[in-house]
Amino acid sequence: MDEAAHQRVAIYARVSTEDQIKGTSLEGQVERCRRAADAASWHIVEEFVDRGVSGALSSRPRLDALVRLVEDGSLDVVAITKLDRIARSLRHLLDLLEVLERHHVTLVALDDPLDPSTASGRAMVQLRGVFAELERQLIRERTSEGQRSRVAAGGWPGGPAPYGYKAVDNPRGAGRVLVVDEAEAAVVRLAFKLIAREGYTTGQAAAQLQRLGTRPRHATHWTHWNLRRLLLDGRGLSGQWPWRRSGRLGHDESDEILVSIPPILEPVARSI
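Residue numbers (this note's numbering): 335 to 606.
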């Protein structure tokens, strides 16, 4: 029997949220790899799929499981459609290649037919990795520029609206703008009144909001922590929201965009 028939292969496929929007298909990736395995008489051990996960992340649930299978000596081949499905960072790609090489596992990329076991093939794989990483950075820069342009035009750059607001179509042009969600805004104003004027702790205020039947947007009940985070992080409550890419509050504030939005809490006039 042909030695290829004894090759054990794992299929890996991935789409990010942006890939899904563009119509990239997980099913299409997996099916192409299945056909390649069938043509080579490989035995498919397992299929690993990461849905809605960025290729920039070095740790992904199903990729981590695939690496464990490699390290267990259970595979001979890993099949993917393109190199950027398994890594968009050159450093991560090289780390993965090192793990595969150490355990004598061959990486087969159907659209990038390069042999990383040879010096020239490995060099070409590295070049592809460089260009994949460059493409990711360029996409991020273009996205950031577009978001800043929307903010400059008075719009909302994207993502979920903060608590107390909702995104609606911009009546003066393209895109979306934030308006006050009066039901949620009433909860914010009540919480502020309880804490700032009546001397409640955040825990006591959270309990009172719970007794009144109100709920946070993404939790089952109010707590000291989520109410405190809402009031402390909510610079937008007085007219400016610190928006960051994908809505994440990271450590690097250089990517922060201050968005002017309608205030929920009116500034208190100070007597002179």
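Heads up, the beta-carbon is just placed ideally off N, CA and C, and yes, glycines get one too.
C-beta contact flag for residue i and residue j at 9 Å
i	j	result
glutamate 518	tyrosine 497	yes
arginine 549	leucine 599	no
valine 511	aspartate 503	yes
tryptophan 490	valine 349	no
valine 439	valine 383	no
tyrosine 346	arginine 419	yes
histidine 558	threonine 535	yes
Chain-order list of residues whose beta-carbon lies under 7 Å from that of residue i (same chain, five-residue window excluded)
i	result
aspartate 445	Thr415, Lys416
valine 401	Val433
alanine 525	Ala539, Leu543, Leu561, Leu565
alanine 553	Asn560
proline 505	none
arginine 360	Checking the displayed sequence, the identity of residue 360 turns out to be leucine instead of arginine. The answer, listed in chain order, is Ala347, Val349, Val383, Arg385.
isoleucine 355	In this predicted model, isoleucine 355 has a pLDDT of only 45, less than 50, meaning its place in the structure is not dependable; the value taken from the coordinates is given anyway. For isoleucine 355, where only same-chain residues beyond five positions count, there are no Cβ hits under 7 Å.
alanine 495	Ala501, Leu512
alanine 399	Phe382
arginine 369	none
valine 387	Arg348, Ser350, Arg394
Nearest neighbour of residue i, chosen from the options [CA to CA]
i	options	result
arginine 385	Arg422, Val379, Pro395	Pro395
alanine 413	Ser393, Arg563, Trp376	Trp376
glutamine 363	Ala495, Leu428, Val442	Val442
histidine 340	Leu427, Glu381, Asp410, Tyr534	Asp410
serine 408	Asp398, Leu428, Glu380, Asp429	Glu380
glycine 573	Arg563, Tyr499, Arg366	Tyr499
arginine 436	Asp406, Val521, Cys367	Asp406
serine 393	Leu546, Arg551, Gly537, Leu430	Leu430
valine 521	Gly509, Arg551, Ala495, Gly533	Arg551
Residues of its chain near residue i, where Cβ-Cβ distance is below 6 Å and the 5 sequence neighbours each way are ignored
i	result
isoleucine 378	Val343, Ala371
histidine 585	With a pLDDT of 43 at histidine 585, under the threshold of 50, the modelled position of this residue cannot be trusted, and the question is left open.
isoleucine 529	Ala539
leucine 571	Ile598, Leu599
glutamate 365	none
glycine 537	His558
cysteine 367	Ile345, Ala413
glycine 533	none
Own chain residues within Cβ distance below 8 Å of residue i, not counting five before or after
i	result
alanine 541	Trp556
Counting only runs of 3+ residues fully inside the region 536 to 573, write out the beta strand (DSSP E) ranges in chain order.
none
I'd like the ranges of any beta strand (DSSP E) spanning at least 3 consecutive residues and lying wholly in the region 364 to 422.
377 to 385, 411 to 414
Could you pull out every unbroken alpha helix (DSSP H) segment of at least 4 residues lying fully inside the region 499 to 532, listed in chain order?
516 to 526
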